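Residue numbers are given in the UniProt record's numbering: position 184 of the sequence shown equals residue 184, and the series is strictly consecutive. Below is one structure, written out as structure tokens; comments come after it.
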Amino acid sequence: MSECEGLTALVTGGASGIGRATAELLARRGARVAVLDLDPSTVGEPLTAHRADVTDDASVRAAVAAALGELGGLDILVNNAGIGARGTVESNSDAEWHHVFDVNVLGMVRTARACLPALRASAHAAVVNTCSVAATAGLPQRALYSATKGAVHALTLAMAADHVHEGIRVNCVNPGTVDTPWIGRLLDAADDPAAERAALEARQPTGRLVTAAEVAAAIAYLAGPLSGATTGTALAVDGGMQGL
Ligand code: NAD
């Protein structure tokens, strides 16, 4: 498929999991793709990679400038870098709340701010934010993480309203539990990884984890020209968690 032929894309958190699958899919569909990540050492052709910490505005600005210089412009921003957090309002400290909001919410704000001038110059501009079913599902032990993703959901709608008249579409995907290195780390840390995996699988009506490829396909749809009439939406890729 070549529906992204001639387009350029930037994917944050693109060295692993959902971001990596998305960057590779956009490239297979014809886009030229740059990845921004804390650790881009595993990223190679046809992707280009730039080191950036989304909690550091100067780092984001420098990496975006370098990537856009290579790409020669920007049509697609996939705001995907994010981290998890386990706990309740009692168990997570203020420092943890500030840090996870800094990565998951402000990281997207900083990256979008750095990319908007280039997106305004594009005839096919699209932003896709990686949100989560946690934004709306009320999951136990995920107060902090869910609050960040609720903010990403609201940010997506507000950005869609702010930039629709500039020709920039803004949408998000809301994945359920996705089989990525992140979930691998979570299972490794569990007392009984097999039981934890079974519990995560059972939480989704389809009875299995979502694949990174399935989320990447949803992001690529929202990023590409075939979704040209879609802005301000959240596309669930959650094995039926929210709808059933
Ligand atoms: P992952 O850990 O496999 O990949 C995340 C990537 O983000 C890594 O390459 C990491 O280096 C990068 N990153 C982390 N902090 C960064 C920072 N400060 N600056 C730059 N890069 C940074 O995780 P994943 O499962 O692919 O998750 C990607 C996104 O999907 C996240 O936003 C996450 O909240 C969301 N999500 C994941 C799941 C899931 O079950 N895996 C479900 C719903 C939503």
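Every residue gets a Cβ at the ideal spot worked out from N, C-alpha and C, and that includes glycine. As the structure is a prediction and not an experimental result, all values here were calculated from the model.
C-beta atoms of residue i and residue j nearer than 9 angstroms
i	j	result
R32	L71	yes
M108	V152	yes
V170	M159	yes
V215	V178	yes
H124	G232	no
T136	G82	no
A49	R142	no
L144	G87	yes
Simplified DSSP state of residue i, which is helix, strand or coil
i	result
P175	strand
H99	helix
L222	helix
G13	coil
T211	strand
Span of the beta strand (DSSP E) around residue i
i	result
H153	Careful: H153 lies outside any beta strand (DSSP E), inside the alpha helix (DSSP H) at 143-163.
V128	125-130
L77	76-79
For residue i, the first and last residue of its enclosing alpha helix (DSSP H)
i	result
R185	181-188
A62	57-71
V109	107-120
A135	134-137
A202	193-203
Counterpart residues of residue i in DSSP-defined beta bridges
i	result
R32	T8
G87	R142
D37	R51
R169	A126
L235	V173
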